[in-house]
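Beneath this line is the structure, given in structure tokens, with notes to follow.
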Amino acid sequence: MTSLTQLPIWQALKQQRQTIEQQSLRDAFARDPGRAERYSVKAAGLMLDYSKNRIDDTTLAALLELARDCELESQRDAMFTGAAINRTENRAVLHTALRASGNTPVMVDGEDVMPEVRATLAKMKGFVEQIHEGQRTGYTGKAFTDVIAIGIGGSFLGPKVATEALRPYAKSLRLHYVANVDGTALSEKLKKVNAETTLVVMSSKSFTTQETLANTQSAREWFLASGASQADVAAHFVAISSNVPAAVEFGIDADNVFPMWDWVGGRYSLWSAIGLPIALAVGFDHFEQLLSGAEAMDRHFREAPLEQNMPVLMGLLSLWYSNFFDSQSQVILSYDHYLRGLPAYIQQLDMESNGKGVALDGTPVDYRTGPVIWGGEGTNGQHAYHQLLHQGTALIPADFILPLQSHNPLGRHHQMLAANCLAQTQALMQGKTLEEAKAELADRNLAPQALEQLARHKVMPGNRPSNTLLMDKLTPATLGALIALYEHRTFVQGAIWQINSFDQWGVELGKVLGNAVLDELEAEQAPLAQDASTNQLITLLRQGKL
Ligand SMILES: O=P(O)(O)OC[C@H]1O[C@H](O)[C@H](O)[C@@H](O)[C@@H]1O
2 MTSLTQLPIW QALKQQRQTI EQQSLRDAFA RDPGRAERYS VKAAGLMLDY
52 SKNRIDDTTL AALLELARDC ELESQRDAMF TGAAINRTEN RAVLHTALRA
102 SGNTPVMVDG EDVMPEVRAT LAKMKGFVEQ IHEGQRTGYT GKAFTDVIAI
152 GIGGSFLGPK VATEALRPYA KSLRLHYVAN VDGTALSEKL KKVNAETTLV
202 VMSSKSFTTQ ETLANTQSAR EWFLASGASQ ADVAAHFVAI SSNVPAAVEF
252 GIDADNVFPM WDWVGGRYSL WSAIGLPIAL AVGFDHFEQL LSGAEAMDRH
302 FREAPLEQNM PVLMGLLSLW YSNFFDSQSQ VILSYDHYLR GLPAYIQQLD
352 MESNGKGVAL DGTPVDYRTG PVIWGGEGTN GQHAYHQLLH QGTALIPADF
402 ILPLQSHNPL GRHHQMLAAN CLAQTQALMQ GKTLEEAKAE LADRNLAPQA
452 LEQLARHKVM PGNRPSNTLL MDKLTPATLG ALIALYEHRT FVQGAIWQIN
502 SFDQWGVELG KVLGNAVLDE LEAEQAPLAQ DASTNQLITL LRQGKL
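Residue numbering for the sequence shown follows my numbering, starting at 2 and increasing by one per position.
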């Protein structure tokens, strides 16, 4: 394929940016009463209002043409049908198979993966029900009260964020997630639980991750130190891994190992057995609803025409700002306390997927790829970083996420939350002109020069784009749809940028160097072989004081 930036449509989009630059969103709304309705789409229980974006019909048509020129549709179909689109690892990318109901086979290397998917779901269901019904107990016969879920990266954030988000559906088990190798993380959780009634779920696709192995090892030592015997480990420790032999060798009972597969990427894995802690937290029925919400979004992504395809539109809009407005970051703002972890989840999903600098053929790209994703919880952020969104020099497109109904309808709280959310999108869009700022100061009796000067500080440029994503209520199904939406948005961008969104080689060097440094830190007298700065820091750590 021609380099992306050489495509005629890419050049046309550059022109388009010049045209859009001359237009204000305020005027666009004033001119066109149908804008909000025309630039809105519904799918899988979600509604996206993308009318507060710097686009017009010509821009949209051009972006969609770019998607077609980049063969987005056939790339999408290749993913769903099990082609090895993760080319650097020669793997299929089939998180969508994990939530596929129905009987359509999904073939990988000539074999239908669906029977294994269904068998694993059935095993999870049986396990979760036995725990909830007290048929499976701790080694002294007491029912489990707590779960320590150990994992990191993709084997951590998805389950943690979903468990937090689905808190209204929680059963009685208390979930405690541990990721960091910092001993404080595990120690603080262990202080809260009793070994007799604690289940440890260890999640590691590779079963080689340093942090997860160390935390599980220490959890096992704590368990044994509490008076349990080696034989009791089987009742309290389960693992999820694509490396079943390594889990067994580590000492997990073979019956307690739940499989996953190399065609599930870590950051796309909450739908697999990696989601076991979610099912333990909220029940298997709710876990199934999470899967079906995601499946509904999959169907939409696969079947809806590109012009009405929510992940496609969101992916294109995000790309529009990255590539044609030189925007370097995007913000995700959850106006729902239960969804406060979502920005971190999307950060991992998107930045590990699209933080790539070479195209599939190995040549360096000459365009911006994945933006910095960050965000937080509304309204909290309004009293902090929103200042920069409104008046800073950077263009930061924002996604506002808001359920129409609260799980906790407390007085006027939800109306206030929602009003703030809507008002932020409005303020970003319309801004405040110098004239308006001056008018506000009119009764202050300021000298003209002082008035002008102060007013300039109050001017807000406006034209700052945002999406608003609504759902009736945050349920397992809408959460599933929302996460799948962002997965596919990430896919759309990676497909257009011609990068591999499914590997993560960039994380490897740090691991290798980390092992070398660890060896030197622990070998107290050995000569140091690192660079001078690192040697100095190692020396200080060996001393343990400055
Ligand atoms: O599940 P694991 O094999 O333990 O991997 C855990 C995580 O660590 C890695 O370094 C990757 O960057 C992540 O993509 C992965 O999810």
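By construction, the Cβ of each residue, glycine as well, lies at the ideal position given by its N, Cα and C atoms.
In this text, all values refer to a predicted model and were calculated from it rather than measured experimentally.
Shorter than 7 Å, the distance from the beta carbon of residue i to the closest heavy atom of ligand 1, or not?
| i | result |
| --- | --- |
| isoleucine 153 | yes |
| lysine 206 | yes |
| glycine 267 | yes |
| valine 94 | no |
| glutamine 505 | yes |
| valine 508 | yes |
| threonine 121 | no |
| glutamate 353 | yes |
| serine 156 | yes |
| threonine 217 | no |
| threonine 210 | yes |
| threonine 89 | no |
| threonine 213 | yes |
Given residue i, which residues of its chain have a CB within under 8 Å of its CB, disregarding the five upstream and five downstream residues?
| i | result |
| --- | --- |
| alanine 25 | For the record, residue 25 in the displayed sequence is serine; it is not alanine. Cβ neighbours of serine 25 beyond the five flanking positions: Gly463, Asn464. |
| alanine 395 | Ser328, Gln329, Ser330, Leu389 |
| threonine 141 | Glu197 |
| alanine 236 | Arg137, Thr138, Gly139, Tyr140 |
For residue i, which of the options has the nearest alpha-carbon?
| i | options | result |
| --- | --- | --- |
| alanine 101 | Val109, Arg119, Ala93, Gly356 | Arg119 |
| alanine 424 | Phe401, Pro410, His414 | Phe401 |
| leucine 455 | Leu435, Met472, Thr370 | Leu435 |
| tyrosine 368 | Glu66, Ala360, Ile374 | Ala360 |
| glutamine 348 | Gly377, Phe30, Gln431, Asp520 | Gly377 |
| methionine 203 | Tyr170, Ser156, Leu174 | Ser156 |
| leucine 320 | Pro372, Pro365, His287 | Pro372 |
| arginine 88 | His415, Glu453, Trp506, Gln7 | Trp506 |
| aspartate 337 | Leu470, Leu281, Phe285, Ala443 | Leu470 |
| alanine 45 | Tyr346, Met315, Asp299, Ala517 | Asp299 |
| alanine 13 | Tyr40, Val148, Leu49, Leu61 | Leu61 |
| glutamate 117 | His133, Leu99, Gly228 | Leu99 |
| serine 205 | Gly412, Val249, Leu403 | Val249 |
| leucine 8 | Tyr322, Cys71, Asp532, Leu174 | Cys71 |
| tyrosine 346 | Ser242, Ala215, Leu486 | Leu486 |
| alanine 215 | Glu453, Lys459, Ala180 | Ala180 |
| threonine 6 | Leu547, Thr370, Leu405 | Thr370 |
| serine 207 | Ile153, Gln406, Met125 | Ile153 |
| threonine 426 | Leu411, Arg445, Asp444, Ile333 | Ile333 |
| glycine 342 | Val162, Phe81, Gln531 | Val162 |
Our contact map puts residue i next to residue j with C-beta atoms below 8 Å; I'd like the distance itself, whole angstroms only.
| i | j | result |
| --- | --- | --- |
| leucine 95 | valine 265 | 7 Å |
| glycine 495 | asparagine 355 | 5 Å |
| proline 139 | threonine 198 | Sequence check: residue 139 is glycine here, not proline. That pair is a contact at about 5 Å. |
| proline 278 | threonine 164 | 6 Å |
| valine 493 | proline 312 | 6 Å |
| isoleucine 132 | leucine 281 | 6 Å |
| methionine 461 | lysine 433 | 4 Å |
| isoleucine 21 | arginine 55 | 5 Å |
| aspartate 473 | glutamine 406 | 6 Å |
For residue i, I'd like the list of residues in its chain whose CB is within less than 6 Å of its CB, leaving aside the five on either flank, ordered along the chain.
| i | result |
| --- | --- |
| phenylalanine 238 | Val201, Ile253 |
| glycine 159 | Leu271 |
| serine 323 | Arg369, Pro372 |
| aspartate 532 | none |
In terms of residues, what are the limits of the alpha helix (DSSP H) holding residue i?
| i | result |
| --- | --- |
| threonine 491 | 477 to 498 |
| phenylalanine 224 | 211 to 226 |
| histidine 387 | 387 to 392 |
| aspartate 299 | 285 to 304 |
| proline 9 | 9 to 22 |
| leucine 158 | 158 to 166 |
| valine 42 | Valine 42 -> not in any alpha helix (DSSP H); beta strand (DSSP E) instead, spanning 41 to 44. |
| proline 344 | 343 to 355 |
| phenylalanine 30 | 26 to 32 |
Got a sec? Which residues, its chain only, sit under 7 Å from residue i by beta carbon, not counting five neighbours each side?
| i | result |
| --- | --- |
| valine 245 | Val258, Pro260 |
| threonine 121 | Phe259, Pro260, Ala274 |
| isoleucine 497 | Leu67, Ala68, Cys71, Leu73, Leu320 |
| asparagine 421 | Gly379, Thr380, Gln383 |
| phenylalanine 30 | Arg36 |
Quick one: give me the first and last residue of the beta strand (DSSP E) that residue i is part of.
| i | result |
| --- | --- |
| threonine 116 | First, the residue type needs correcting, since residue 116 is proline and not threonine in the sequence shown. Segment 115 to 133 is the alpha helix (DSSP H) holding proline 116; no beta strand (DSSP E) there. |
| isoleucine 149 | 147 to 151 |
| lysine 172 | Where lysine 172 is concerned, there is no enclosing beta strand (DSSP E), given that its DSSP letter is neither H nor E. |
| glycine 377 | 373 to 378 |
| methionine 48 | 47 to 50 |
| threonine 553 | In the structure as shown, the chain begins at 2 and stops at 547. Residue 553 is therefore absent and cannot be evaluated. |
| phenylalanine 251 | First-last for phenylalanine 251: 245 to 251, but that is the alpha helix (DSSP H), not the beta strand (DSSP E). |
| valine 332 | 330 to 335 |
| methionine 472 | 467 to 472 |
| leucine 403 | 399 to 404 |
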